[in-house]
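Novice:
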Amino acid sequence: MTDRADLRMLVLDRETFQDLRRALPAATKDCLRETFGVSETTWVKLRDGRPVKRSTLDRLLDRYRRLSHGSQQSTARRQG
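The sequence shown: position 56 = 62 (our numbering), numbered continuously.
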């Protein structure tokens, strides 16, 4: 049985997309999959402001937060 909340579609705001893009080493299908766990098709939908599944967006944003948090920690270590 599928949770109905997972079937909701959401659109990512432009500013958040730009933050994701800056964190992405390259916009290739391999890099998208390794970095954010999404397909190139999903990335194009996000770029174009089209809706994606909530579960997909949640997964991508979770990975982004972990990536951002890890970058901040390593920067602090270098500065400290």
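Yeah, the Cβ is synthetic: ideal placement off N, Cα and C, and Gly gets one too.
Values in this document were obtained by computation on a predicted structure and should not be read as measured data.
Please state whether DSSP places Leu18 in a helix, a strand or coil.
Specialist: Reading the sequence shown from its first residue, position 12 is the one you call residue 18. In the structure shown, Leu18 sits in coil (DSSP, three-state: anything other than H, G, I, E or B).
Novice: Between Pro31 and Thr62, what straight-line distance do the alpha-carbon atoms span, to the nearest angstrom?
Specialist: Along the sequence shown, one-based indexing puts residue 31 at 25. Along the sequence shown, one-based indexing puts residue 62 at 56. One C-alpha to the other measures close to 20 Å.
Novice: Please report the distance separating the alpha-carbon of Arg14 from that of Lys59.
Specialist: Within the sequence shown, residue 14 is the residue found at index 8, counting from 1. Within the sequence shown, residue 59 is the residue found at index 53, counting from 1. About 6 Å.
Novice: Who are the Cβ neighbours of Arg27 in its own chain at under 7 Å, not counting the five residues just before and after it?
Specialist: As a working mapping, residue 27 is identified with position 21 in the sequence shown. Cβ within range, chain order: n/a, list empty.
Novice: I'd like the span of the alpha helix (DSSP H) that includes Leu52, first residue to last.
Specialist: Stepping through the sequence shown from its first residue, residue 52 is reached at position 46. Element bounds for Leu52: Glu46 to Arg53.
Novice: Give the straight-line distance between the Cα atoms of Leu66 and Phe42, rounded to the nearest whole angstrom.
Specialist: Indexing the sequence shown from 1 puts residue 66 at position 60. Indexing the sequence shown from 1 puts residue 42 at position 36. Spanning the two alpha carbons is a distance of roughly 5 Å.
Novice: Measure the C-alpha to C-alpha separation of Val44 and Leu38 and round it to an integer number of angstroms.
Specialist: Within the sequence shown, residue 44 is the residue found at index 38, counting from 1. Within the sequence shown, residue 38 is the residue found at index 32, counting from 1. Using only the alpha carbons, I get a separation of about 6 Å.
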